[in-house]
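Under this note's numbering, the first residue of the sequence shown is numbered -7, with each subsequent residue one higher. C-beta atoms are modelled at their ideal positions from N, C-alpha and C, and glycine is treated no differently. Please read these numbers as outputs of a predicted model, since none were measured by experiment.
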Amino acid sequence: MDEMIVKITGAVKHPIMIDPGVWIFDERRVDMDKVFDEEEKSIEEKDFAAMGRAFDEQRKGVNPQTNGNKVTISKKDLTEKSLGIHLTPFIVNAEPESHAERVIVQRINNQEVILPLDKVKTAIAAFSHKGAPLKENGPIHLYMADGSNRYSPITGVTGFTIL
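This is the structure:
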């Protein structure tokens, strides 16, 4: 089962191990069939909207203990949609060292791609296709935020080493 774990290591304060299988429950997930066609809100806009919803809930007297991430899922998401998630919060939580500028994107069969940290930080990690996990060419596929590799993502991504 270790082959489905994605690691963020290298010049970071906090190495991270991620199981893309749990992203299906993350409210930050995006529909890969629509993400490049719609005008995407910035990460900051989404964060502000989430904070506004949390404030509204607190004003109503709802104050559950939570890490700020709500678990929401629909049967359609589970069985039909191709889903991904922005890598920004994971890279930010790993806290790259101030000198870090590049990332080695590790792939199956010991293949590597070297990209600028800024490109990887804003990239989208696809983790399911039409409701199924990306097992054959997974665990994740990497798409640049600008959609430049929309039809030819970096497949078989198993980890990120920040340099």
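Same chain, Cβ closer than 7 Å to His121, five either side skipped, listed in chain order: Excluding sequence positions up to five before and after His121, its CB lies within less than 7 Å of the CB of Ser74, all in the same chain and listed in chain order.
Expressed to the nearest angstrom, what Euclidean distance is found between the alpha-carbon atoms of Met(-7) and Asp138? Only weak support exists for where Met(-7) lies, its pLDDT of 42 falling under 50; the value from the coordinates is given anyway. Going by the C-alpha atoms only, they are around 32 Å apart.
Hey, how far is the Cα of Asp29 from the Cα of Ala115? One alpha carbon belongs to Asp29, the other to Ala115, and they sit about 16 Å apart.
Given a threshold of 16 other Cβ atoms within 10 Å of its Cβ, counted over all protein chains shown, does Gly44 qualify as buried or as exposed? Exposed, by the Cβ-count rule.
What residues match up with Tyr135 in a beta bridge as DSSP calls it? According to DSSP, which records beta bridges pairwise, Tyr135 is partnered with Ile116.
Ile8 and Ile0 closer than 8 Å at C-beta: It is a contact, given that the beta carbons lie within the stated cut-off.
Count the other C-beta atoms from every protein chain shown that fall within 10 angstroms of the C-beta of Ala156, then say buried if there are 16 or more, exposed otherwise. Absent from the structure is residue 156, since the part of the chain shown begins at -7 and ends at 155.
Below 8 Å on the Cβ atoms is my contact criterion, and I expect Asn129 with Thr147 to pass it. Report the Cβ-Cβ distance as a whole number of Å. At roughly 4 Å, the Cβ-Cβ gap stays under 8 Å, so Asn129 and Thr147 are in contact.
Pro156, enclosing alpha helix (DSSP H) - first and last residue: Since the displayed the chain opens at -7 and closes at 155, residue 156 lies outside it and no answer follows.
Taking the beta strand (DSSP E) that Gly2 belongs to, which residues open and close that run? Counting along the chain, the beta strand (DSSP E) containing Gly2 begins and ends at Val(-2) to Gly2.
Out of Lys5, Val149, Asp25 and Leu134, which one is the CA nearest neighbour of Asn102? Of Lys5, Val149, Asp25 and Leu134, the smallest CA-CA separation from Asn102 is found for Val149.
Helix, strand or coil for Arg45 per DSSP? Secondary structure of Arg45 (DSSP, three-state): helix.
State the start and end residues of the unbroken beta strand (DSSP E) segment that holds Leu107. Glu104 to Pro108 is the span of the beta strand (DSSP E), which, as asked, contains Leu107.
Apart from the five residues just before and just after Asp23, which ones in its own chain have a Cβ nearer than 6 Å to its Cβ? Closer than 6 Å at Cβ, skipping near neighbours: Lys73.
Cα-Cα separation between Ala117 and Leu79, rounded to whole angstroms: Approximately 7 Å between the Cα atoms of the pair.
Using only alpha-carbon positions, find the residue among Val84, Ile83, Pro131 and Pro81 that is nearest to Ile100. When Val84, Ile83, Pro131 and Pro81 are compared, the shortest CA-CA separation from Ile100 is found for Pro131.
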